[in-house]
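Residue numbers (full-length UniProt numbering), protein chains in the order written: chain Y, 1 to 167; chain W, 1 to 1100.
Idealized CB from N, CA, C, for every residue including glycine.
Heads up, the thing below is written out as structure tokens.
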Amino acid sequence: MFFLRYLEREISIHPSFFGNSVHQRLKDQLYADLEGSCNGEYYIVCIMDIYNISPGRVRPGSGDAHFTILYRAILWKPFKGETIDCAVSSIKPQGVFCEAGPLTVFVSKLHLPPDMRHNPDATPPQYSNNAGDVIEKGSAVRVQLIGLRSDVGNMYAIGKMSSQWFG
Amino acid sequence: MAASGQSWLNQDFTGDDEESDNDFNPGLEVPSDAEADDDEVAKPQASARRAGSPSDDESAADLKTNGKRSASPVKGGKSPPADDDEGEEDEGQGEDDENGDHNDEGDEDEGEDLNGDEDEDEDEEDEEDEDAVTSRPRKRRRRGLNQFFEEEAEVDEDDDDLEAEEDDLGPEFIQDTHPDDDLPPEADQDDRRHRELDRQRQLQQSLDAEQEAAKFRERYGRRTTTALSNSSFVPQNLLMPDVNDPSIWGVRCKAGKERDIVHKLMKKFIESQGSRNPMRICSAFERGDGPMAGYIFVEARRKVDVDDALTNVADVYPRSKMNLVPVKEMPDLLRVTKNKELEVGGYVRIKRGIYQGDLGMIESVETNGLEVTVRLVPRLTYGMDEDHARPGSGDVKRKRPNAFGPVNSFANRPPQRLFNENEARKRHDRFLQQNRGLTGRSWSYKGDLYEDGFLIKDFKLQHLITDSVNPRLDEITKLTKTAADGSELLDLESLAHSLRNTAAEGNYVPGDEVEVYEGEQRGIVGRTEAVTGNIVSIMVTEGELTGQLVEVPVKGLRKRFKEGDNVKIIGGSKYRDEVGMVLRIKDDKVTVLTNNSNEEITVFSKDLREATDAGGSGAGASKFDVQELVQIDPTTAGCVIRADRESVRILDQNGSVTTRIPSQVQKIEARRNAVATDKNGSEIRLGDVVRESGGENKSGTILHIHRGFVFAHNKLGIENSGIWVARCTNVITTAAKGGRITAPSTDLSKMNPALQMKGPDMSMAPPQRPGRDPLQGRFVHINKGTYKGHRAIVKDTTAGEARLELQTKNKTLNISKFDLSIVDNNTQSKTRYEDWIRTRGGPSAMRAGQGVPGSRIPDSGFGGRTPMGVMDGGRTPAWGGASRTPAWSGPGSSGSSGLESGRTPSWKGPSGSQTTYGGGGMTSYGGTGNYSTTGSRTPVWNAGAKTPYGADHGFNSAGNSGFDSFAAGSRTPAYTSSSRTPAWGGPGNAASAPTPAARPYDAPTPGISAPTPSASGRYDDDAYTPYMGAPTPGAGPQDAPTPAASFAKNANKEPLKYNRLGFDAPTPAASAPTPYASGAFDAPTPAAGGPRYADDDEED
């Protein structure tokens, strides 16, 4: 699900960068750091605008200046139980890997529609049933997320396709 | 008479028989039977009863004597005052009840026979009487143990009969016929019984009245109520042994043999029963391993009986002092300690022998509880340790046969390995024998039985450790049978069972969601609140019991998970510590997709615990992490694809998968900056995405580059955790790592790299020569001086001199390097040092100039460049002294680009950004070198570069602040760092240096115009105006930068695609450097270009 959210980011800057371009630098840094990143809970798709850059506070001891930047960003946070559309990225005997944007979703064979059979001989390998439905690399599929795991800077999900309301 | 007596007895006891005796007796009887059977240690019963157990007849008789002895006085005494008053009668009856209860245990045979008779006619009783009469002589015959008691008993019985009859007939009847009439004559005379009655009454009265009342209430209330606790019914103090009971003697015996002896005694006892002089002991027992080890206890009336019983029994020493156990201590002697039951499938450890400490699994337990059959992993040598050269009899002579004999010591026992009949056949064929039947996998070898590779051996219980065995997983897996197809038949159930005792509490922690699947509360779902021992308190969360606290034993409980839950595997399975997501749940089997290896595994839910959603592999399980690079042997490296507690699975560089234990492999320090070239010659680094060329066309990001092998990881890969390996030359890079060229972001938390350069520049030390002088260790020929013609080995070098060790004399001396010729080891040909150092430079310059551009140079170029530095240093004096022109012009014609490019970086060696810059500069110069191959031009540049340098310095220090710190900073260091000033200045003190510089200034104008744009392209626009202004030609090219700049812009715009543009198509000399300027200037350019990005984007 997508969200528009105000967020904060703290950036330290070395005294050697002080100057009239310091704000530009902070912005660059913010864009470079955050756009497209994942904090384990959500992905930051895009930073819309920067609202406020606090006055820098020099840290005693190091001399670094500390800025707090308030910005607004579009986030994408996948939820357990959410149904999303994704593209199949690879077919394995154990199941199907799909990609929904940055998120990789694994759909185990157990959670594919029961009549779908793995067909390794087809090129490319595919899952298919007698009705002529085919899941192969590149297919667009609709998947319900049943589990999410977050690593540092990455997320990983398992999903299922065996429920009924998946057109 | 007798019959009526019995019925009286019965009437008294009917209640007992039905209610209490049935309950009460089993407690006493059943164990005694059991004792007779298996003779466990537990012998809590009264001695008299135990004595009876071996043979029923005897015991019955024996007990009866006892019982009647105690019962008779009461009844005898009771009969006279029977009609005194009711209360007294009650008391008497109470007394009778008590005694009767005791008796009844022994008398049960009879009692039960008579149970049905209680309300029947006298006719039948008469018949019974006859029976009783007929049976009596038989009893008498059989007994003969104690004549006196027997007679008493007989009389007593008559008494009983009488009493019973009276009771049967009811009070009226009693009044009709005075009881005294029917008494046998001796009853009157026996006042001993009166006295005894009195004594007992006294005793009775001395008892607490309240207690007594309670006792009565219980006794008589019992008839109406159906169930009562029986435990309080038996007054323990009346069961206590007293002086009249047989005594117990403690007899010394061999420690550890106690139980054996008791068994022997029992056997002997049974055998002796038919013989002429039977053993007259009541019981024998032992107290096991505790403080009373080395003793057995025999209960008998006389010490002589004990002696008789123990003669000719091995291992017991009746001749030693026998201890008579005081009456007080007897009960303590019989206190029961519950000992652990051994179960088949349980785990034990061996106490001694070569299997000491080894884990074994119980195959079967002998019924006597003495011996246990244990399954072990054998430790066999198969005779490999025997010395075959020595005749077998050699051992006989040896004083210490074990010194060199088969290894028996604990320290160097053979390792645990499954039995292998082939190995056994090699040397010990004669000891080997296959057992018929069964599976055919059963062998006898040296008297031991081996099944499925395991040793099946009987152990005495005392040689086993049964408590706190704590089996480890590796031990268990070793003991686990493997099926024919190689799959492990690990019986999770038995394993869980054996682990339950140790880990049961740990398995459930408060907060676990659990479900009851067994027992009364089946179906309840809740969260655990508390765990005490094996009982778990559950707060019910679903159903009608919601909100209640329920206590459930652990065994009926299982944890509940939902699909998609993150779980960690705990407990004893081999997947321990794996973390994964629940895929499917069926009953209590849960299928989990592991995080590490994307495998689907199925485990019991009790072995799972909920994990946090945050990933992280099973940390702490193994010292290795998945994807880590490890050394398997000196020539083989591999990548960890799975790390367990006990094993590491490795994909080695050849693509094969091996499993090692963690101690067999070592970590390899990851080289963060490892670089290699792919099939097309493009460089690949860690983190790059590569595709396998040919084969399966696998793709992945590079994890490690190790000696020409690339370990890459494909996130979607299933086999080998997605890790694959290929040779560097078999992969093609598909995309360079984003951050390398295109997004060189500045780390704002570090020193501004632009500024950072400047400080050191100002006071730059003479160039350092990185690395080892290649001259060191070389074989040289001395050309000049005293030692001319000698050969020597270079031990050490300074900038100008070499320290030599002469071959002919033991002497070391210092000689100028230029007085040396280097002798080739193979051809013995001599090369002058100047030439040698040049040729050494040549190839590396070739390498650099070949169009191997940009960022590759830092790597390959470094090696090549190192000699350059040396050469430089080495040449310094040469430049000073000898004319530089040939040195320069020479390369100018032959490989000017090479030499120059080689040299340039050498100046710039010390800093990273410089180096790349140098790289850039180099190539561009190569270009210029090609343009106009006049030897003179090279100095031109040098001079030009040099001259502004002076100016530059001043300029920098002065006007730097006005610049964009970036532009100034970045470029300045690039230039400054090269700090030609000192480097050149040093040698350049020879005024010859500037002179050529001055000369070419005007002369090769076209030449200079060509390179300058490149330079200006690099300098971009604003910063160097003063510098540009200074040299006339410099001003000209000022408009030249425009294309360069625009080019840079283009490069910035589409960085990903064209980042290598410069390398691939270095057509115009000017364009070649430009990308360097934009891309390869690690720090500065991007910084300069950085803001521009955004601009560009917006414009677009």
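Legend entry - Top-ranked residue by Cα proximity to W:D458, from W:E363, W:V540, W:T786: By one-based count along the second sequence, residue 458 of chain W stands at place 458. If we check each option's Cα against that of W:D458, W:E363 comes out closest.
Legend entry - W:Q45 versus W:P278: straight-line alpha-carbon distance, rounded: Within the second sequence, the letter at position 45 stands for residue 45 of chain W. Within the second sequence, the letter at position 278 stands for residue 278 of chain W. Bear in mind that a pLDDT of 41 at W:Q45, under 50, signals an unreliable position, so the model cannot answer this.
Inset, instruction - Spell out the partners DSSP gives W:K559 in its beta bridges. - result: As a working note, residue 559 of chain W is residue 559 in the second sequence. Its beta-bridge partners are W:V514.
Inset, instruction - Assuming W:K679 contacts W:T729 (C-beta within less than 8 Å), just tell me the rounded distance between them. - result: Here residue 679 of chain W corresponds to residue number 679 of the second sequence, with the count starting at 1. Here residue 729 of chain W corresponds to residue number 729 of the second sequence, with the count starting at 1. Contact flag correct, Cβ pair sits at about 5 Å.
Inset, instruction - Assign residue 1104 of chain W to buried or exposed, taking buried as 16 or more other Cβ atoms, counted over all protein chains shown, within 10 Å of its Cβ. - result: With chain W covering only 1 through 1100, there is no way to say anything about residue 1104 of chain W.
Inset, instruction - Under 9 Å between beta-carbons, which chain W residues line up against Y:L110? List them in chain order, please. - result: In the first sequence, the residue the question calls residue 110 of chain Y occupies position 110. Simply L583, R584, T591, E600.
Inset, instruction - Reducing DSSP to helix, strand and coil, say where Y:F22 ends up. - result: As a working note, residue 22 of chain Y is residue 22 in the first sequence. Sequence inspection shows Val at residue 22 of chain Y; the Phe mentioned does not correspond to that position. Helix at Y:V22.
Inset, instruction - Please name the residues in the region 7 to 34 of chain Y whose beta-carbon is closer than 7 Å to at least one beta-carbon of chain W, in chain order. - result: I11, S12, I13, H14, S16, F17, G19, Q24, R25, D28, Q29, A32
Inset, instruction - Note down, in chain order, every chain Y residue with its Cβ under 7 Å from the Cβ of W:G785. - result: As a first step, residue 785 of chain W must be located in the second sequence, where it is residue number 785. Near W:G785 there are no residues of chain Y at all, since even the closest Cβ is about 53 Å away, more than 7 Å.
Legend entry - Identity of the residue in W:L455, W:W443, W:E371, W:R436 nearest W:R379 by Cα: To locate residue 379 of chain W, count along the second sequence from 1; it is residue 379. Nearest option by C-alpha distance: W:L455.
Inset, instruction - Give the straight-line distance between the Cα atoms of Y:Q144 and W:V372, rounded to the nearest whole angstrom. - result: As a working mapping, residue 144 of chain Y is identified with position 144 in the first sequence. As a working mapping, residue 372 of chain W is identified with position 372 in the second sequence. Taking the straight line joining both Cα atoms gives about 56 Å.
Inset, instruction - Buried or exposed for Y:D115, please, with buried defined as at least 16 other CB atoms from any protein chain shown within 10 angstroms of its CB. - result: Counting from 1 along the first sequence, the entry for residue 115 of chain Y is found at position 115. By the 10 Å Cβ count, Y:D115 comes out exposed.
Inset, instruction - Check the DSSP bridge columns for W:F604 and list the partner residues they point to. - result: Along the second sequence, one-based indexing puts residue 604 of chain W at 604. DSSP lists W:K589 as partners of W:F604.
Legend entry - Y:L4, buried or exposed, once every other Cβ within 10 Å from all chains shown has been counted against 16: For the purposes of this step, residue 4 of chain Y is taken as the residue at position 4 of the first sequence. Result: exposed.
Inset, instruction - Tell whether a beta-carbon distance below 9 Å holds between W:K817 and W:E805. - result: Counting from 1 along the second sequence, the entry for residue 817 of chain W is found at position 817. Counting from 1 along the second sequence, the entry for residue 805 of chain W is found at position 805. No. Outside cutoff.
Inset, instruction - Give a yes or no on whether the minimum CB-CB distance between W:G564 and chain Y is below 9 Å. - result: For the purposes of this step, residue 564 of chain W is taken as the residue at position 564 of the second sequence. True, the Cβ-Cβ gap to chain Y drops below 9 Å.
Inset, instruction - Verify the CB distance criterion: does Y:I47 have a CB-CB separation below 9 Å to chain W? - result: Walking along the first sequence from the start, residue 47 of chain Y turns up at place 47. No, because no Cβ of chain W sits closer than 9 Å to the Cβ of Y:I47.
Inset, instruction - Would you please verify whether the beta carbon of Y:Q164 is less than 9 Å from any beta carbon of chain W? - result: Here residue 164 of chain Y refers to the residue found at position 164 when the first sequence is read from its first residue. Answer no: the Cβ-Cβ gap between Y:Q164 and chain W never drops below 9 Å.
Inset, instruction - Return helix, strand or coil for W:A213, following the three-state DSSP convention. - result: Within the second sequence, residue 213 of chain W is the residue found at index 213, counting from 1. W:A213: helix per DSSP, three-state reduction.
Inset, instruction - Give the DSSP-derived three-state secondary structure of W:R301 in the structure shown. - result: Here the question's residue 301 of chain W lines up with position 301 in the second sequence. In the structure shown, W:R301 sits in coil (DSSP, three-state: anything other than H, G, I, E or B).
Inset, instruction - Identify whether W:H781 lies in helix, strand or coil by the three-state DSSP scheme. - result: Within the second sequence, residue 781 of chain W is the residue found at index 781, counting from 1. Strand.
Inset, instruction - Identify whether Y:H14 lies in helix, strand or coil by the three-state DSSP scheme. - result: Indexing the first sequence from 1 puts residue 14 of chain Y at position 14. If DSSP states are grouped into helix, strand and coil, Y:H14 belongs with coil.
Inset, instruction - Using the DSSP secondary-structure output, state which residues sit across from Y:L7 in a beta bridge. - result: Counting from one through the first sequence, the residue named residue 7 of chain Y turns up at place 7. Paired residue(s): Y:Y71.
Legend entry - Whether W:V251 touches W:F297 by CB criterion (9 Å): On the second sequence, residue 251 of chain W is found 251 positions in, with the first residue counted as 1. On the second sequence, residue 297 of chain W is found 297 positions in, with the first residue counted as 1. Yes, the Cβ-Cβ distance between W:V251 and W:F297 is below 9 Å.
Inset, instruction - Consult DSSP for residue 1102 of chain W and reduce its assignment to one of helix, strand or coil. - result: Only positions 1 to 1100 of chain W appear in the structure, and residue 1102 of chain W is not among them; the question remains open.
Legend entry - Partner residues on chain Y for W:S699, Cβ-Cβ distance less than 9 Å: Residue 699 of chain W sits at position 699 when you count from the first residue of the second sequence. By Cβ distance, chain Y contributes nothing, its closest Cβ being about 10 Å from W:S699, past 9 Å.
Legend entry - Proximity winner among W:P415, W:L820, W:R791, relative to W:N810 (alpha-carbon distances): Locating residue 810 of chain W in the second sequence gives position 810, where the first residue counts as 1. It is W:R791 whose Cα lies nearest to the Cα of W:N810.
Legend entry - Straight-line Cα distance separating W:L775 from W:T827: Within the second sequence, the letter at position 827 stands for residue 827 of chain W. Within the second sequence, the letter at position 775 stands for residue 775 of chain W. When rounded, the distance between both Cα atoms is 17 Å.
Inset, instruction - Tell whether a beta-carbon distance below 9 Å holds between Y:G40 and Y:S150. - result: Your numbering for residue 40 of chain Y matches position 40 in the first sequence. Your numbering for residue 150 of chain Y matches position 150 in the first sequence. Cβ atoms of Y:G40 and Y:S150: closer than 9 Å.
Inset, instruction - Taking W:P510 as the reference, give the member of W:K715, W:K589, W:Q462, W:R609 with the closest Cα. - result: As a first step, residue 510 of chain W must be located in the second sequence, where it is residue number 510. If we check each option's Cα against that of W:P510, W:R609 comes out closest.
Inset, instruction - Would you mind giving the Cβ-Cβ distance between residue 1188 of chain W and W:I668, rounded to the nearest angstrom? I have them listed as a contact below 8 Å. - result: For residue 1188 of chain W there is no data in the structure shown, the boundaries of chain W being 1 and 1100.
Inset, instruction - Output yes if chain Y places a C-beta closer than 9 Å to the C-beta of W:L748; else output no. - result: Here residue 748 of chain W corresponds to residue number 748 of the second sequence, with the count starting at 1. W:L748 counts as touching chain Y.
Inset, instruction - Could you work out which residues of chain Y lie near W:N752, taking near to mean beta carbons separated by less than 8 Å? - result: Taking the first residue of the second sequence as 1, we reach residue 752 of chain W at position 752. Under the 8 Å cutoff, chain Y gives H14, S16, F17.
Legend entry - Within-9 Å CB hit, Y:D64 to chain W: Numbered from 1 along the first sequence, position 64 holds the residue referred to as residue 64 of chain Y. It does: the Cβ of Y:D64 has a partner Cβ on chain W nearer than 9 Å.
Legend entry - Proximity winner among W:L449, W:L813, W:K750, W:I705, relative to Y:S12 (alpha-carbon distances): Start at 1 with the first residue of the first sequence, and residue 12 of chain Y comes out as number 12. Nearest C-alpha to Y:S12: W:K750.
Inset, instruction - Could you tell me how far apart the beta carbons of W:G453 and W:F431 are, in whole angstroms, since I believe they sit closer than 8 Å? - result: Working through the second sequence from its first residue, we reach residue 453 of chain W at position 453. Working through the second sequence from its first residue, we reach residue 431 of chain W at position 431. With a Cβ gap of about 17 Å, W:G453 and W:F431 do not count as contacting.
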